[in-house]
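Letter by letter, the sequence shown follows residues 23 to 883 of the numbering used here.
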Amino acid sequence: MTASSTLADHLPADRLTDPDEILVRFLDWVGAVGFELYEAQEEAILELVAGRHVILNTPTGSGKSLVAQALHFKAVCEGRTSFYTSPIKALASEKFFSLCDDFGADRVGMLTGDASINPEAPILCCTAEVLSNMALRRGEETDAPYVVMDEFHYYSDPERGVAWQVPLITLPHTTFLLMSATLGNTAPIAERLEETTGRKASHVSSDERPVPLDFDYRDTPLTETVQELLDAGKAPIYIVNFTQRECAELAQSLTSLKPAAREERDMVWEALGDFRFDTPYGKELKRFLGFGVGVHHAGLLPKYRLTVEQLAQQSLLKVICGTDTLGVGVNVPIRTVLFTKLAKYDGQKVGILSVRDFQQIAGRAGRRGFDERGSVVAQAPEHIIEKARIERSDASAKAKRKKLAKKKGPGKGDVSWTKETFESLMNRPPEMLQSRFRITHGMVLDLVQRDAALDDPERGNFTSIRELVAASHEDDGSKRQHLRDAAERIRSLGRAGVLTMQRDTDTDYLWAVVDEELQENFSLHQVLSLYLVEALGTLDPEEPEYPVLVLTFVEAILEDPRAVLYKLQDRAREEAVMRMKAEGVDYDERMERLEEITHPKPDAERIYQTFNAFREIHPWVRGEAIKPKAVGREMFEQYMSFADFVRRYGLARSEGVLLRYLSQLYKTLAQSVPEKYKTEGVLDVQSFFRTMIERVDTSLIEEWESLMHPELVYDATGEHAEERVKAKEELRLYELFHDPKAFTARVRAELHHLVRALSQEDWEAAAGCVKSADPEEPWTAERFEETLAFFLADYEEILFTPDARQAHWTRIEAEGPRRWKVEHTLIDPEGDNFWHLAGEVDLRDEESLDGPLIRLVRIGE
């Protein structure tokens, strides 16, 4: 798109409210860029310009984004505000930069819930939860005349659907554009929306796809199917699996096909450049990519998934083995979608895919501008494929046929499907969206704050809660239950001290208000955060185990990383079997005892005791289970690296699951533990995880910091580039310096990670832990090994015991503005402790803010 054809160039100099003139200007831009509107696009735009809501249900790639642009354009012309909301931050961020290109950066902003970019802009991008929270706090006073809700089928999501419903029932003055490729029958939602807003909601739907799809049902073995698709020129192929293990095993088997030619493989290596595959699974993934085979699922580290997506966008991968998470926000352009199965485990049982799930994934086939047609292929069940294979074989397979005849269907626990099942999923409309309204204590806090802000004694306390429940898309019986749930949450928030009563000085009315002493960024979005606050109050900060107890209580409120805990349980059972065999316990008793062994749960009795006491006075937690575990605790107590933990428990295929859990653990420590409970030891724990996560995948730390300060990720281009770079530097410095204790803990954690690597003689890891004070003499793996050879000759090993990690072995002294001298004593087995690390932290230039803080000067006596 040229500079002369942006939407910004078609905006009026002053406010414009004439809908006809707005439409003409928008259509002028459409013509200028050479677009030809589909009938559904044209109909939807006309309805929006006329002031009606639009529920837009058209296939993937059919231009729903252009309809959204029309609504944003209308808002900017009128001098009003429009919102774009999506299910995930990545999609909101992608749309932010796209709209900056269309309308100019000064007209587009992004809200994360923690901070914002250009929050006064007329176009604002955010997740559905952010808009929902705004609507809860401000109600119809929310300045949101126009709202685009992308991927609106999330309305039916059991956990997150409430965020899609709240704006519909709290923003009566808003015009909505609800978009998805798989909406199904939305008549009940449209009726409720019309009741709330008093305006018509128009349904616009179409089956017309810019890239038509063909469908095929195969009874050939999977590798044979893939080879035939490759030979037919139908790559890139996305193969849909339903477990991460299946993805890895299939990728391995496909390397034998050698999907990419030699020159294509060379292009992959060139594109990868010096990218580091430095975790246990990274080396396996690197080998797959060398064959033109990608892997894409939630178990991968974010940096690996992004690499696969980037290679796919360059058409360098022939096949991608992924899970069914292909739907939202995953930028993987493909020509063919191949379903290995048409059934999956939904957390409770194995069942046939829903029509919506099938069509969401299938709809990703076909690359606009590249393919004349996209292809969707489904494999028959394994027993049908085997039967067909034998029937195609020669007469000598007669005995096998006879044996196969005895096997009439799928194995135990399997679900079968047929070609008719496939055709039904192709042709049936998606299931009707279901209301997922519920009351959470976070919603209660928002609504209480709204009532306090209204300051209207005639309305009284909790009126906003009653109004919200009454407006919800629920039946009368469910509404009564929601009111009871709200009452329970209000009482529990009061008992926890989060809600207090405050007398109005003018009216003498007693208002329920949120306690002002809670830290500004205190998070109550974890359902059990209230329990954590109360439980931490029962601990003694002077207790030697206090820091790891805080860590253990934080872990107990987090969702279980099941793939990780299964491995921990397996290891615990293996060790128990060895012990019982040594003790002479017979087989039957061993098996009986093993059933009782689970993953480690240190201090479980203490956790259950405090939780049960909490639950007695907080009935709203009756359905929430506390989950003691010790993933982070084991890593901290043994000061393990991420790779060591992965290797110990065989978690190579679940690295992403582990890292996401550790990231959530770090965020909860940072944001949900009140400052008054953060001793020096607790800050050491927090810094340990921050440093580890940054070592493994900087993108997660960058995401966390960008959520706190999205200005950090704003594209530093244009006329204000220097100011943005300066703002970026100042914000990162603020993150480091606003809490001196946290800064000290972070430096100490970096030193401990370095000493740990040195104690294991892992010189490569050590080289990644520091910067070099002198660029001419970098601290390479070879230099570390050579320098420490003298120490090891005298003492044989560097100790890295808990005592060696005590704070008094580290000294940090200020040497000037943004400069510190750092020393750390190396502990030897003889207790001489003559050797030390000497370094500096120098934050006077922007580059010093990236990566490790410590510049190592020398190691010696």
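Glycine included, every Cβ here is placed at the ideal spot set by N, Cα and C.
Cross-strand partners of M523 (DSSP beta bridge): A534
- request: Out of E808, F812, D816, H830, state which residue places its alpha-carbon closest to the alpha-carbon of E773.
  value: One point to set straight first is that residue 773 is Leu, not Glu, in the sequence displayed. Looking at the Cα atoms, H830 is the closest of the given residues.
task: Could you check what DSSP says for V735 in three-state terms: helix, strand or coil?
output: The predicted position of V735 is uncertain, since its pLDDT is 48 and thus under 50; a value taken from the coordinates is nonetheless stated next. Three-state result, V735: helix.
Where E716 sits in the DSSP three-state scheme: helix
- request: Starting from the C-beta of G519, find all residues in its chain whose C-beta is less than 8 Å away, skip the five residues before and the five after it, and write them out in chain order.
  value: D537
task: Kindly identify the DSSP beta-bridge partner or partners of M132.
output: I139, C147
field: Boundaries (first-last residue) of the beta strand (DSSP E) holding Q336
entry: Counting along the chain, Q336 falls outside any beta strand (DSSP E), and DSSP gives it neither H nor E.
- request: Please name the residue, chosen from F484, M465, L88, G255, that lies closest to D393 on a Cα-to-Cα basis.
  value: G255
- prompt: When burial is assigned at 16 or more other CB atoms within 10 Å of the CB, is K305 buried or exposed?
  reply: exposed
query: Which same chain residues, not among the five before or five after T560, have their C-beta less than 8 Å away from its C-beta?
result: T632
- request: Starting from R833, follow its DSSP beta bridges and name the residues at the other end.
  value: E845
message: Quick check on this structure: which residue in Y671, V399, G388 has the alpha carbon closest to the alpha carbon of L8?
response: There is simply no residue 8 to check, as the chain begins at 23 and stops at 883 in what is shown.
- request: Starting from the Cα of G482, find the closest Cα among D530, H463, K371 and give me that residue.
  value: D530
query: Taking DSSP as the reference, what is the three-state secondary structure of S446?
result: helix
message: Between which two residues does the beta strand (DSSP E) holding Q828 run?
response: No beta strand (DSSP E) holds Q828; DSSP gives it neither H nor E.
query: Is it true that the region 668-685 meets the region 320-332, where meeting means three or more beta-carbon pairs spaced less than 8 Å apart?
result: yes
message: Quick check: the Cα distance between L29 and W51, rounded to an integer number of angstroms?
response: 6 Å
task: Could you tell me which residues DSSP pairs with A365 in its beta bridges?
output: I374
query: How many Å lie between L272 and V315 at the Cα?
result: 10 Å
- prompt: Is it buried or exposed for N543, if we count other Cβ within 10 angstroms and need 16 for buried?
  reply: Note that N543 scores a pLDDT of 46, beneath 50, so its modelled location is shaky; the value from the coordinates is reported in the next line. That one is exposed.
message: To the nearest angstrom, how far is the alpha carbon of V555 from that of Y817?
response: 46 Å
- prompt: Beta carbon of L467: closer than 7 Å to some heavy atom of the ligand FMN?
  reply: In the structure shown, the ligand FMN is absent, as is every other ligand, since no ligand is present at all.
task: Within 10 angstroms of the Cβ of S514, are there 16 or more other Cβ atoms? Answer buried if so, exposed if not.
output: buried
- prompt: If you count every other CB in all the chains shown that lies within 10 Å of the CB of R770, and 16 or more means buried, which is it?
  reply: buried
query: Is the region 98-118 touching the region 165-175 in the sense that three or more CB pairs, one from each, lie closer than 8 Å?
result: yes
- prompt: Around the Cβ of F380, are there at least 16 other Cβ atoms within 10 angstroms (buried) or fewer (exposed)?
  reply: buried
- request: Enumerate, from N- to C-terminal direction, the unbroken beta strand (DSSP E) stretches of 3 or more residues contained entirely within the region 222-254.
  value: 223-227, 235-240
task: State buried or exposed for F57, treating a residue as buried only when at least 16 other CB atoms are found within 10 Å of its CB.
output: exposed
task: Please name the residue in R47, Q456, T80, P41 whose C-alpha comes closest to that of L70.
output: P41
message: Distance check for Q382 and H742, CA to CA, integer angstroms please.
response: Low local confidence applies: a pLDDT of 44 at H742 is under 50, so the model's placement there is unreliable, with the coordinate-based value given in what follows. So the alpha carbons of these two residues sit roughly 41 Å apart.
Assigned secondary structure, M662 (DSSP; H/G/I helix, E/B strand, else coil): coil
- prompt: What separation, rounded to the nearest whole angstrom, lies between the Cα atoms of K222 and L199?
  reply: 12 Å
Nearest-angstrom Cβ-Cβ length linking N317 and L276, presumed shorter than 8 Å: Checking the sequence, you will find Val at residue 317 rather than Asn. Rounded, the Cβ-Cβ distance is 10 Å, inconsistent with contact.
task: Inspect the beta-carbon positions of Y176 and A209 and report whether they are closer than 8 Å.
output: no
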